[in-house]
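Enquirer: Protein chains in written order, with the numbering used here: chain A, 1 to 391; chain B, 392 to 782. Glycine included, C-beta positions come from ideal geometry on N, C-alpha and C. This structure is in structure tokens; I'll ask about it shortly.
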């Protein structure tokens, strides 16, 4: 096991009606003037936004609002949010929505207290301070509610890049599983896929002897495999929603990543898909993961065999461990397909002739030098082969 | 799943040589004048105390020290620590040791800023403020390094009772697994048993549909079952020590307890044993758990069968689930025995004629009204039967 530090000081209020505590929690964490940041119509239609506003009013808090966050959130709205916060002397950002809204909120929070262009943080500058952020989560997926990470797409060039820093980790997150019951099944499934990807990206490690972390990841994968199909079959199943929502947070607050190297090649390869085709991140991951894992299986057959046996219930083929390893990857692919995810780039109308462009941005964009590094270092040829495998 | 809040804001520095960061961490969390609190000779003999002092000096911090914490820490030393801190204007308590030292430090931290008798907190008064506490952990066992809990024994009456409050949760904890390599094997095994108990006490729940938490608990049990025997066979196995140390923290920071009722009957029944016979808490738990679980198996056969199958690798007996449930309890008992723990009250020189006294203090002491409540409510007859089963 490798040395590490772990610090996850987000306060979680979990359960039915938890959003009514938004005002008290903002106050508890020092906010006086709030930016409520959100996406499209669903938080309005469902009445959630009004409940949150009422809660802020009851707590005696002043607020302004900024809607319009889109999936794969864009830099333009971040700049708008920063200007609004400065003009209105906002001292707390409350994200009401999913990962995109939270990531956009984190970018605004870092940008407001920074003299330069917030995009600097997405080009590698560490985020050292930010306005405090709180969240009211509406989809179990990105894990941004408990993470120090944010992913934003810059319109010029369609660069989709991440930034990170303890300062943007939410002070509190309100997780009410009932809020996810109205999600379209495709979005629920995309969220489940994103959670599975956060687990796999940490499972695929080159560090040895990190059994505790391996086992916790497997525990959450098993939870998702149990609860995912239940919630697709019965969207109103509160308990299944609840287990998925909590697993989604744990999958990405890095308790599953301690003491070890991590992968993130699938995320990097996918980011170019959702940036170019504007597909759901989870849908892109459903197509990406089986291809990446199959391409990389020989790098550590026993690791893939371990997840196949412990998580997917495969019988170990002691004479041919690679067969077991591949069986586990097939089981993942079948699972994702069974909950309604695409399994081929054709399904999201991608074109083979775009591959050179995808590979160019992936391996050469934003300061990269012809490869991406994770569980396996993948050069341009490798990435080309992987994108081809996805058709 | 039940509604819950979860807040675990301890900063963990984990790995080799982590104790050299003690000074920087105390400063980071606002300390200027430190009480170093510790137990007996081992932290002195190993040089750890000197390394910690050097780290504080390098960070420009002033300190006083108070040694002498014993297993099952007593109120007398807590009063002494409170007086010392007041006299010396201490503003940070640094525990260097195991659970007893950390619990004693937490009691001092709460007592210093309280006008009344600190024992009030151990009679049910909530702890609302305390001096900040940091820890340098030397044994994987109690989980106090990441928990808001403290257990102290009051000399008058030998009452062993717990207190809890976010204010006494450590600000930081330094976890260097190498520091545990010199522990006698009996202490290592007692620590492993305590960790298993923290997991079982949360596993035995009357709440339904908390799969994510079930699975995480099982993950850590599997980790302990894998690593426990390895570390007993090879005390210098750093990686096995590391996995146990991290699992021990996760087992008790309550990430394994969210969304559900918990048990804690085994802990309550054991506390009277270690209070009366001054045995290692873990040794008492090794004797207690199999008896309690066997006595309570009919309350929820399927829960005991689940842990038997998922954790202990028992084959499910579909015609007779209780047989599987009992097989799992036997597997636990065999595991504890295999790492060197006692399995009978005779092994710790307890006497059957003490049972009425044990039951009296357990069920009538400290405001209880003739029973203890957890997974099952146990009255005086039940507790008498359980203590008898342990001989």
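Tell me, to the nearest whole angstrom, how far the beta carbon of residue 192 of chain A is from that of residue 102 of chain A; I am working on the premise that it is less than 8 angstroms.
Expert: In the first chain, the residue the question calls residue 192 of chain A occupies position 192. In the first chain, the residue the question calls residue 102 of chain A occupies position 102. No, residue 192 of chain A and residue 102 of chain A are not in contact; Cβ-Cβ is about 18 angstroms, not under 8 angstroms.
Enquirer: Just the chain A side, please: which residues come within less than 7 angstroms of residue 607 of chain B by C-beta, in chain order?
Expert: In the second chain, residue 607 of chain B corresponds to position 216, counting from 1. Going along chain A in sequence order, the residues near residue 607 of chain B (Cβ under 7 angstroms) are 216 and 219.
Enquirer: Against chain B, with Cβ distances strictly below 7 angstroms, would residue 39 of chain A count as a contact?
Expert: Here the question's residue 39 of chain A lines up with position 39 in the first chain. Chain B, which has no Cβ nearer than 7 angstroms to the Cβ of residue 39 of chain A, makes this no.
Enquirer: With 7 angstroms set as the bound, which would you pick, yes or no: does the beta-carbon of residue 603 of chain B sit closer than that to a beta-carbon of chain A?
Expert: Position 212 of the second chain, counted from the start, is the residue given in the question as residue 603 of chain B. Output row for residue 603 of chain B: interface = yes.
Enquirer: Please determine if the segment 444-456 of chain B and the segment 374-386 of chain A are in contact, where contact requires at least 3 C-beta pairs separated by less than 8 angstroms.
Expert: No, the segment 444-456 of chain B does not touch the segment 374-386 of chain A.
Enquirer: Looking at residue 63 of chain A: is its Cβ nearer than 7 angstroms to the Cβ of residue 34 of chain A?
Expert: On the first chain, position 63 is the one that residue 63 of chain A refers to. On the first chain, position 34 is the one that residue 34 of chain A refers to. Against a cut-off of 7 angstroms, the Cβ pair of residue 34 of chain A and residue 63 of chain A comes out as a contact.
Enquirer: By how many angstroms is the C-alpha of residue 404 of chain B removed from the C-alpha of residue 566 of chain B?
Expert: Start at 1 with the first residue of the second chain, and residue 566 of chain B comes out as number 175. Start at 1 with the first residue of the second chain, and residue 404 of chain B comes out as number 13. The alpha-carbon atoms of residue 566 of chain B and residue 404 of chain B are separated by roughly 6 angstroms.
Enquirer: Could you tell me the boundaries of the beta strand (DSSP E) in which residue 404 of chain B lies?
Expert: If you number the second chain from 1, residue 404 of chain B lands on position 13. 402-405 is the extent of the beta strand (DSSP E) around residue 404 of chain B.
Enquirer: By Cβ distance below 7 angstroms, which residues in the same chain neighbour residue 393 of chain B in space, the five residues on each side in sequence not counted?
Expert: As a position in the second chain, residue 393 of chain B is number 2, starting the count at 1. Taken in chain order, the residues that qualify are 598, 650 and 651.
Enquirer: What residues in the segment 609-628 of chain B bring their beta carbon closer than 8 angstroms to a beta carbon of chain A?
Expert: Residues 609, 610, 611, 613, 614, 617 and 618.
Enquirer: Could you work out which residues of chain A lie near residue 538 of chain B, taking near to mean beta carbons separated by less than 8 angstroms?
Expert: Looking up residue 538 of chain B in the second chain gives position 147. Chain A residues near residue 538 of chain B: none, gap ~15 angstroms exceeds 8 angstroms.
Enquirer: Measuring only between beta-carbons, confirm whether residue 5 of chain A sits less than 7 angstroms from chain B.
Expert: In the first chain, the residue the question calls residue 5 of chain A occupies position 5. Yes, contact with chain B.
Enquirer: Exposed or buried, what is residue 315 of chain A when buried is set at 16 or more other beta-carbons lying within 10 Å of its beta-carbon?
Expert: To locate residue 315 of chain A, count along the first chain from 1; it is residue 315. By the 10 Å Cβ count, residue 315 of chain A comes out exposed.
Enquirer: Using beta carbons (cut-off 7 angstroms, strictly below), is residue 14 of chain A in contact with chain B?
Expert: Counting from 1 along the first chain, the entry for residue 14 of chain A is found at position 14. With 7 angstroms as the cut-off, residue 14 of chain A counts as an interface residue toward chain B.
Enquirer: Find the nearest neighbour of residue 513 of chain B within the set B:548, B:520, B:546 and B:555, judged by alpha-carbon distance.
Expert: One-based indexing of the second chain puts residue 513 of chain B at position 122. Checking every option, the nearest Cα to that of residue 513 of chain B belongs to B:555.
Enquirer: Between the Cα of residue 527 of chain B and those of B:470, B:548, B:429 and B:607, spot the shortest distance and give me the residue it belongs to.
Expert: The sequence position of residue 527 of chain B within the second chain is 136, counting from 1. The candidate whose alpha carbon is nearest that of residue 527 of chain B is B:429.
Enquirer: Counting only the same chain and skipping the five closest in sequence on each side, list residues whose C-beta sits under 7 angstroms from that of residue 736 of chain B.
Expert: Working through the second chain from its first residue, we reach residue 736 of chain B at position 345. 678, 781 and 782, listed in sequence order.
Enquirer: Checking contacts by CB at 7 angstroms: is residue 722 of chain B closer than that to chain A?
Expert: On the second chain, position 331 is the one that residue 722 of chain B refers to. It does not; no Cβ of chain A falls within 7 angstroms.
Enquirer: So what's residue 415 of chain B in DSSP terms, helix, strand or just coil?
Expert: Locating residue 415 of chain B in the second chain gives position 24, counting from the first residue. Three-state DSSP puts residue 415 of chain B in a helix.
Enquirer: Excluding the five sequence neighbours on either side, which residues of its own chain have a C-beta within less than 6 angstroms of the C-beta of residue 74 of chain A, listed in chain order?
Expert: The residue given as residue 74 of chain A occupies position 74 in the first chain. Once the five neighbours on either side are set aside, the close Cβ partners of residue 74 of chain A are 153 and 155.
Enquirer: Report buried or exposed for residue 747 of chain B, applying the criterion of at least 16 other Cβ atoms within 10 angstroms of its Cβ.
Expert: Translated into positions along the second chain, residue 747 of chain B becomes position 356. Looking at its Cβ environment, which holds fewer than 16 other Cβ atoms inside 10 Å, residue 747 of chain B is exposed.
Enquirer: Could you tell me which of A:172, A:343 and A:233 sits nearest to residue 21 of chain A, measuring between CA atoms?
Expert: As a working note, residue 21 of chain A is residue 21 in the first chain. Answer by Cα proximity: A:172.
Enquirer: Kindly list, in the order they appear in chain A, the residues whose Cβ is closer than 8 angstroms to that of residue 634 of chain B.
Expert: One-based indexing of the second chain puts residue 634 of chain B at position 243. Chain A residues near residue 634 of chain B: 1, 209, 210, 211 and 212.
Enquirer: Measure the Cβ-Cβ separation of residue 248 of chain A and residue 162 of chain A and say whether it is below 7 angstroms.
Expert: Numbered from its first residue, the first chain carries residue 248 of chain A at position 248. Numbered from its first residue, the first chain carries residue 162 of chain A at position 162. For residue 248 of chain A and residue 162 of chain A, no; Cβs fall outside 7 angstroms.
Enquirer: Can you give me the Cβ contacts of residue 228 of chain A inside the same chain, cut-off strictly under 6 angstroms, excluding the 5 residues immediately before and after it?
Expert: One-based indexing of the first chain puts residue 228 of chain A at position 228. These residues qualify, in order along the chain: 192 and 339.
Enquirer: Given a cut-off of 7 angstroms on the beta-carbon distance, is the pair residue 719 of chain B and residue 734 of chain B in contact?
Expert: One-based indexing of the second chain puts residue 719 of chain B at position 328. One-based indexing of the second chain puts residue 734 of chain B at position 343. For residue 719 of chain B and residue 734 of chain B, no; Cβs fall outside 7 angstroms.
Enquirer: From the DSSP output, which residues share a beta bridge with residue 456 of chain B?
Expert: Reading the second chain from its first residue, position 65 is the one you call residue 456 of chain B. According to DSSP, residue 456 of chain B bridges with B:427.
Enquirer: Quick one: which residues of the segment 486-520 of chain B get their C-beta closer than 9 angstroms to a C-beta of chain A? List them in chain order.
Expert: Of all residues in the segment 486-520 of chain B, none has a Cβ within less than 9 angstroms of some Cβ in chain A.
Enquirer: Show which residues of chain B have a CB atom less than 9 angstroms away from the CB atom of residue 239 of chain A.
Expert: Stepping through the first chain from its first residue, residue 239 of chain A is reached at position 239. Correct list: 392, 599, 600, 601 and 602.
Enquirer: How many angstroms separate the CA atom of residue 634 of chain B from the CA atom of residue 211 of chain A?
Expert: Counting from 1 along the second chain, the entry for residue 634 of chain B is found at position 243. Counting from 1 along the first chain, the entry for residue 211 of chain A is found at position 211. Rounded to the nearest angstrom, the two C-alpha atoms are 6 angstroms apart.
Enquirer: Figure out for me which residue from A:385, A:309, A:301 and A:330 has the closest Cα to the Cα of residue 322 of chain A.
Expert: Reading the first chain from its first residue, position 322 is the one you call residue 322 of chain A. When each option's Cα is compared against that of residue 322 of chain A, the closest is A:301.
Enquirer: Have a look at A:216, A:133 and A:274 and flag the residue whose alpha-carbon is nearest the alpha-carbon of residue 349 of chain A.
Expert: Sequence index remark: in the first chain, residue 349 of chain A carries index 349 (1-based). Residue 349 of chain A has its Cα closest to that of A:274, out of A:216, A:133 and A:274.
Enquirer: Pull up the distance between the alpha-carbon of residue 234 of chain A and that of residue 240 of chain A, whole angstroms please.
Expert: Taking the first chain and counting its residues from 1, one reaches residue 234 of chain A at position 234. Taking the first chain and counting its residues from 1, one reaches residue 240 of chain A at position 240. Those two C-alpha atoms are separated by around 9 angstroms.
Enquirer: Anything in chain A within Cβ reach of residue 569 of chain B, meaning under 9 angstroms, just list it in chain order.
Expert: What you label residue 569 of chain B is simply residue 178 of the second chain in a count that begins at 1. The premise fails here: residue 569 of chain B is roughly 11 angstroms from chain A at the closest Cβ pair, so nothing lies under 9 angstroms.
Enquirer: Determine the burial state of residue 489 of chain B: buried for a count of at least 16 other Cβ atoms within 10 Å of its Cβ, exposed for fewer.
Expert: As a working mapping, residue 489 of chain B is identified with position 98 in the second chain. By the neighbour-count rule (16 or more Cβ atoms within 10 Å), residue 489 of chain B is buried.
Enquirer: Decide if residue 585 of chain B is buried, meaning its Cβ has at least 16 other Cβ atoms within 10 Å, or exposed.
Expert: Residue numbering aside, residue 585 of chain B sits at position 194 when the second chain is read from its first letter. When all chains shown are included, residue 585 of chain B counts as buried.
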